[in-house]
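Since the structure comes first, as structure tokens, the remarks are kept for the end.
2 protein chains.
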Amino acid sequence: MSTDELMSALSQKALALLREDAYKIEQLIQVQMETLTNRRCPLYEEVLDTQMYGLSREVDFAIRAGLIEASEGKEILNKLERNLANLYEALNKQQSE
Amino acid sequence: MSTDELMSALSQKALALLREDAYKIEQLIQVQMETLTNRRCPLYEEVLDTQMYGLSREVDFAIRAGLIEASEGKEILNKLERNLANLYEALNKQQSE
Chain A
1 MSTDELMSAL SQKALALLRE DAYKIEQLIQ VQMETLTNRR CPLYEEVLDT QMYGLSREVD
61 FAIRAGLIEA SEGKEILNKL ERNLANLYEA LNKQQSE
Chain B
1 MSTDELMSAL SQKALALLRE DAYKIEQLIQ VQMETLTNRR CPLYEEVLDT QMYGLSREVD
61 FAIRAGLIEA SEGKEILNKL ERNLANLYEA LNKQQSE
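Residue numbers (full-length UniProt numbering), protein chains in the order written: chain A, 1 to 97; chain B, 1 to 97.
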């Protein structure tokens, strides 16, 4: 294996791990979206925020360690943040109805 | 550079980054230790806990990404946790006096 191949394998591994962790948060958001009929759950939002913070620290570390591009990390976080914003918007709309 | 050298350089970089982050938390603990005469500050403890959580996620990621050994990560976290436990013990002792 050449150094280029090793670097590429490590980067792909790092990206796969980050996407896996992002997917878990995605699932948490989905669950909350599907149970919108239930009343708002502050504990759930706290869990989501904590998970988002944890992922952002992982992404930041992967960038600093030279494993992924800053743009790749930003894309993962941005996508999740949009989903989270949609969830909170839906929750707020429901609450004001 | 051989693949062994690249892997070693990446591991050392990862460890240096984690120790740097651990050092920042260490500093936060020190500041709180030095101001023990002040009254206990729940917000400060919240910040410390959040920082510890963030670091533990970074360490876990570095292990899964194959950059560091599990034992190396554990050592960094254990050392910090001992310091944190000492801080809380000192705070509790002071509070009961």
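All C-beta atoms in this analysis are idealised placements derived from N, C-alpha and C, irrespective of residue type, glycine included.
First and last residue of the alpha helix (DSSP H) that includes residue i?
i	result
K33 (chain A)	Note that residue 33 (chain A) corresponds to Met in the displayed sequence, not to Lys. From DSSP, the alpha helix (DSSP H) with M33 (chain A) extends over 3–34.
G54 (chain B)	42–64
So, is the C-beta of residue i closer than 8 Å to a C-beta in chain B?
i	result
E58 (chain A)	yes
Y23 (chain A)	no
L17 (chain A)	yes
L67 (chain A)	yes
A14 (chain A)	yes
M33 (chain A)	no
Contact criterion: CB-CB distance below 8 Å. Does residue i meet it with respect to chain A?
i	result
G73 (chain B)	no
R64 (chain B)	yes
L6 (chain B)	yes
L77 (chain B)	no
residue 100 (chain B)	Residue numbering for chain B in the displayed model covers 1 to 97; residue 100 (chain B) lies beyond these limits and cannot be assessed.
* Asked: What residues in the stretch 40–54 of chain B have a beta carbon less than 9 Å from any beta carbon of chain A?
  -> T50, Y53, G54
* To do: Can you give me, in chain order, the residues of the stretch 79–96 of chain B that have a beta carbon less than 9 Å from any beta carbon in chain A?
  => none
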